[in-house]
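Below: the structure, in structure tokens.
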Amino acid sequence: MFYREAGDFSTTYRQDNQTFPIKFDRYRYYAVLAVAFLVVPFIVNDYWVNAILVPFLIYSIAAIGLNILTGYCGQVSLGTGGFMAVGAYACYKLMTGFPDVNIIIHIILAGGITAAVGTLFGLPSLRIKGFYLAVATLAAQFFLVWMFNKVSWFYNYSASGQINAPERTVFGVPVTGAQVEPWAMYMICLVFTFACAVIARNLTRGTLGRSWMAIRDMDIAAEIIGVNPLKAKLTAFAISSFFVGISGALFFAVYLGAVEVGEVYGIQKSFIVLFMIIIGGLGSIFGSFAGAALLVVLPVFLKLLGVDLLGWPTDIVAHINLVVVGLLIILFLVLEPHGLAQLWRVAKEKLRLWPFPH
Amino acid sequence: MLDQTEGYTTADGRKIGGVVMEMKNITLRFGGVVAIKDISFDIREGEIRAIIGPNGAGKSSMLNVISGFYNPQEGEVWYRGSKRPPMKPYQVAQQGIARTFQNIALFEGMTVLDNVMTGRLTKMDANVFRQAIWKGRAEKEEVENREKAERVIDFLEIQHIRKTPVSRLPYGLKKRVELARALVSEPSLLLLDEPMAGMNVEEKEDMSRFILDVNDEFGTTIALIEHDMGVVMDLSDRVVVMDYGKKIGDGTPDEVRNNQDVIDAYLGVAHD
Numbered sequence: 001m002f003y004r005e006a007g008d009f010s011t012t013y014r015q016d017n018q019t020f021p022i023k024f025d026r027y028r029y030y031a032v033l034a035v036a037f038l039v040v041p042f043i044v045n046d047y048w049v050n051a052i053l054v055p056f057l058i059y060s061i062a063a064i065g066l067n068i069l070t071g072y073c074g075q076v077s078l079g080t081g082g083f084m085a086v087g088a089y090a091c092y093k094l095m096t097g098f099p100d101v102n103i104i105i106h107i108i109l110a111g112g113i114t115a116a117v118g119t120l121f122g123l124p125s126l127r128i129k130g131f132y133l134a135v136a137t138l139a140a141q142f143f144l145v146w147m148f149n150k151v152s153w154f155y156n157y158s159a160s161g162q163i164n165a166p167e168r169t170v171f172g173v174p175v176t177g178a179q180v181e182p183w184a185m186y187m188i189c190l191v192f193t194f195a196c197a198v199i200a201r202n203l204t205r206g207t208l209g210r211s212w213m214a215i216r217d218m219d220i221a222a223e224i225i226g227v228n229p230l231k232a233k234l235t236a237f238a239i240s241s242f243f244v245g246i247s248g249a250l251f252f253a254v255y256l257g258a259v260e261v262g263e264v265y266g267i268q269k270s271f272i273v274l275f276m277i278i279i280g281g282l283g284s285i286f287g288s289f290a291g292a293a294l295l296v297v298l299p300v301f302l303k304l305l306g307v308d309l310l311g312w313p314t315d316i317v318a319h320i321n322l323v324v325v326g327l328l329i330i331l332f333l334v335l336e337p338h339g340l341a342q343l344w345r346v347a348k349e350k351l352r353l354w355p356f357p358h
Numbered sequence: 359m360l361d362q363t364e365g366y367t368t369a370d371g372r373k374i375g376g377v378v379m380e381m382k383n384i385t386l387r388f389g390g391v392v393a394i395k396d397i398s399f400d401i402r403e404g405e406i407r408a409i410i411g412p413n414g415a416g417k418s419s420m421l422n423v424i425s426g427f428y429n430p431q432e433g434e435v436w437y438r439g440s441k442r443p444p445m446k447p448y449q450v451a452q453q454g455i456a457r458t459f460q461n462i463a464l465f466e467g468m469t470v471l472d473n474v475m476t477g478r479l480t481k482m483d484a485n486v487f488r489q490a491i492w493k494g495r496a497e498k499e500e501v502e503n504r505e506k507a508e509r510v511i512d513f514l515e516i517q518h519i520r521k522t523p524v525s526r527l528p529y530g531l532k533k534r535v536e537l538a539r540a541l542v543s544e545p546s547l548l549l550l551d552e553p554m555a556g557m558n559v560e561e562k563e564d565m566s567r568f569i570l571d572v573n574d575e576f577g578t579t580i581a582l583i584e585h586d587m588g589v590v591m592d593l594s595d596r597v598v599v600m601d602y603g604k605k606i607g608d609g610t611p612d613e614v615r616n617n618q619d620v621i622d623a624y625l626g627v628a629h630d
């Protein structure tokens, strides 16, 4: 009823290889894009951008990055916060070192630098798996945060130990610093999120994605049919860190403007991104968005409900938020390990036939 | 001993070519355990070669040596006329040796089509940046390899399940998907580790037919391990018999069947 594929035939492999082979899906995707690019920037206000939209977009990029590593390649990482910090500090050093270069190039370069660091910390994955690898990436998390605190070169010897984003413009419109308009902040994050999602989708549906998933599902068989495990794992670490680095750079330069590393890029960041992909769905780009949306909207929603409507104290509501997230993770792990993305797939299967049972 | 270049003609009139792979005095040890002891045999172009033997005879170890998973302590592996240095399994795969596993080793989280497409990874080489934008070589290569994959899917009659996740399939179909994944790489040597283990008679017949068809259609050289004697004797052109890591027989199914050592190994010997 809502969802039909009857009469929708693919006559070439090219058509069948599309991201959305079903016409209905494709049009819905175009509609979402049109709204996001052409409608939202004109109607957003400061509250929506700062509380929901920009964090959602930035966390989506981080979740896509971690999903490539954990969801697609099966290598658990708890170092996301540390890698986001690498992106942020790389972006800061580039912004202050080369003020004339466009901020967009800086953010992409920051992603590249994070990719190099991520590959370095991915080297242990060639020898160890599972929990042990998780602990090794945890070491990366703590080491990176410590390093950015300790080595004052990274924060340009500022007395506070903070990094502050100077003002930079794109096409004459400020996107970082104090003078940023909400819509500009939203647009630059949207463009990056869109590009990252498309690239991630292309990589995961092609050769590279298949070699990652092969390593995830059965590494020995993968090696025997011709996947080079070293190459597959390290590319996963590099590309994952690239996205995570971009999200870290955006989080610092565009969203917060000023960052103290231990506070912003601590272990909580690693966990929240991991929770996003667990709840959203491992091995799914859509799941990364869904998980990010849920975990960004949930505290806002609870605050509206608890503080504004029921008049509870703020700290209680903040703790309720933690309880709800914990509960959600347990429920998803037990009931639907493939997360919101799988629920969405099941819903689509049902809607295909609704209201008829068969 | 047959010479390197000249082949022979089988009973049913197929021409068998020169030596593809030759194992020379292979010995494989795990600590104090000798899994394979001084075994030599060859596999010729276009033939179906079986390795049989009782449990624990070292058949799977032999296959693992061929596919590069184990490196033997002694002996040489000659492949296509040159001595093969010790290499990693994925390098062996790139040389054109494909295999299936005794316990199915499919990628459970992927669809049948994706599983089969992974079999063609060795043939695809578009760089990361092309793949990221899905243009040019990446897109073209995807379509070309999809055509090859579809041909094998068609051949093994698994079209109806091509978009189904492998984890939902029954055992017999999984075995067939695994064969498809090995076959799609157009191997010059295909290794099958107990392709009929755990199947009923009908499934065994289907699988036998597919193995014969593969050999016939694509001229693929096949080496297989199997427990079902009836199947082995019907399918294979030449048989190696192993027992306790040693070779006790080598020849056509008829020769092997009448070999006293083989009969002893399978039926046991009376101890006076």
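Protein chains in written order, with my numbering: chain R, 1 to 358; chain F, 359 to 630. All residues carry an ideal CB built from backbone N, CA and C; glycine is no exception.
Proximity test, Cβ basis, 8 Å: residue i and chain R
i: Phe388 (chain F); result: no
i: Leu514 (chain F); result: no
i: Tyr448 (chain F); result: yes
i: Ser425 (chain F); result: yes
i: Leu360 (chain F); result: Residue placement at Leu360 (chain F) cannot be trusted, given a pLDDT of 46 that sits under 50; what the coordinates show is reported in the next sentence. No, its Cβ sits nowhere closer than 8 Å to a Cβ of chain R.
i: Thr368 (chain F); result: no
CB contact check: residue i to chain F, cutoff 8 Å
i: Ala341 (chain R); result: no
i: Glu336 (chain R); result: no
i: Gly280 (chain R); result: no
i: Tyr13 (chain R); result: yes
i: Gly226 (chain R); result: yes
i: Asp217 (chain R); result: yes
i: Gly326 (chain R); result: no
Short Cβ contact (8 Å threshold) for residue i with residue j
i: Pro553 (chain F); j: Leu537 (chain F); result: yes
i: Gly607 (chain F); j: Ala393 (chain F); result: no
i: Gly245 (chain R); j: Ile113 (chain R); result: yes
i: Val170 (chain R); j: Ile107 (chain R); result: no
i: Leu593 (chain F); j: Ile406 (chain F); result: yes
i: Trp212 (chain R); j: Cys91 (chain R); result: no
i: Ala337 (chain F); j: His585 (chain F); result: The first residue shown for chain F is 359 and the last is 630, placing residue 337 (chain F) beyond what the model contains.
i: Thr579 (chain F); j: Glu403 (chain F); result: yes
i: Leu78 (chain R); j: Leu138 (chain R); result: yes
Local conformation of residue i per DSSP, three classes
i: Val175 (chain R); result: coil
i: Trp312 (chain R); result: coil
i: Pro553 (chain F); result: coil
i: Asn383 (chain F); result: strand
i: Trp354 (chain R); result: coil
i: Asp612 (chain F); result: helix
i: Ala408 (chain F); result: strand
i: Arg457 (chain F); result: strand
i: Met359 (chain F); result: Its pLDDT being 42, under 50, Met359 (chain F) is placed unreliably in this model, and the value from its coordinates should be taken loosely. Here Met359 (chain F) sits in coil by DSSP.
i: Pro21 (chain R); result: coil
i: Gly433 (chain F); result: strand
i: Ser398 (chain F); result: strand
i: Arg478 (chain F); result: coil
i: Pro182 (chain R); result: helix
i: Met372 (chain F); result: What sits at residue 372 (chain F) in the sequence shown is Arg, not Met. Arg372 (chain F) falls in the coil class under three-state DSSP.
i: Thr119 (chain R); result: helix
i: Met218 (chain R); result: coil
i: Phe9 (chain R); result: coil
Among the options, nearest to residue i - alpha-carbon criterion
i: Pro444 (chain F); options: F:Arg438, F:Ala456, F:Gln431 and F:Gly454; result: F:Gln431
i: Gly65 (chain R); options: R:Ile52, R:Lys303 and R:Phe83; result: R:Phe83
i: Met379 (chain F); options: F:Leu548, F:Glu584, F:Lys562 and F:Gln489; result: F:Leu548
i: Gly248 (chain R); options: R:Tyr265, R:Ala292 and R:Trp212; result: R:Tyr265
i: Ala490 (chain F); options: R:Glu223, R:Phe242, R:Val135 and R:Ile199; result: R:Ile199
i: Met95 (chain R); options: R:Ala318, R:Gln15, R:Leu250 and R:Lys348; result: R:Leu250
i: Gln342 (chain R); options: R:Leu298, R:Pro299, R:Pro355 and R:Ser284; result: R:Ser284
i: Val377 (chain F); options: F:Lys395, F:Leu514, F:Arg615 and F:Tyr366; result: F:Tyr366
Review point. Counting Cβ pairs, one atom from each stretch, are 3 or more of them under 8 Å apart for the region 424–431 of chain F and the region 470–479 of chain F?
Key: no
Review point. Taking one C-beta from the region 161–178 of chain R and one from the region 251–263 of chain R each time, how about it: are there three or more such pairs within less than 8 Å?
Key: yes
Exercise for review: Decide if the region 494–505 of chain F is in contact with the region 565–575 of chain F; the criterion is three or more beta carbon pairs, one per stretch, under 8 Å apart.
Suggested key: no
Exercise for review: Tell me, please, whether the region 446–460 of chain F touches the region 197–206 of chain R by the rule of three or more beta-carbon pairs shorter than 8 Å.
Suggested key: no
Review point. Does the region 315–324 of chain R come within contact of the region 371–381 of chain F, defined as at least 3 CB pairs closer than 8 Å?
Key: no
Check your understanding: Are at least three pairs of beta-carbons, each pair with one atom in the region 226–242 of chain R and one in the region 114–123 of chain R, less than 8 Å apart?
Key -> yes
Review point. How about the region 178–195 of chain R and the region 266–282 of chain R: do they share at least three Cβ pairs that are nearer than 8 Å?
Key: Counting Cβ pairs under 8 Å, fewer than three are found: no touch.
Review point. At a cut of 8 Å, does the region 169–187 of chain R reach the region 43–55 of chain R through at least three beta carbon pairs?
Key: yes
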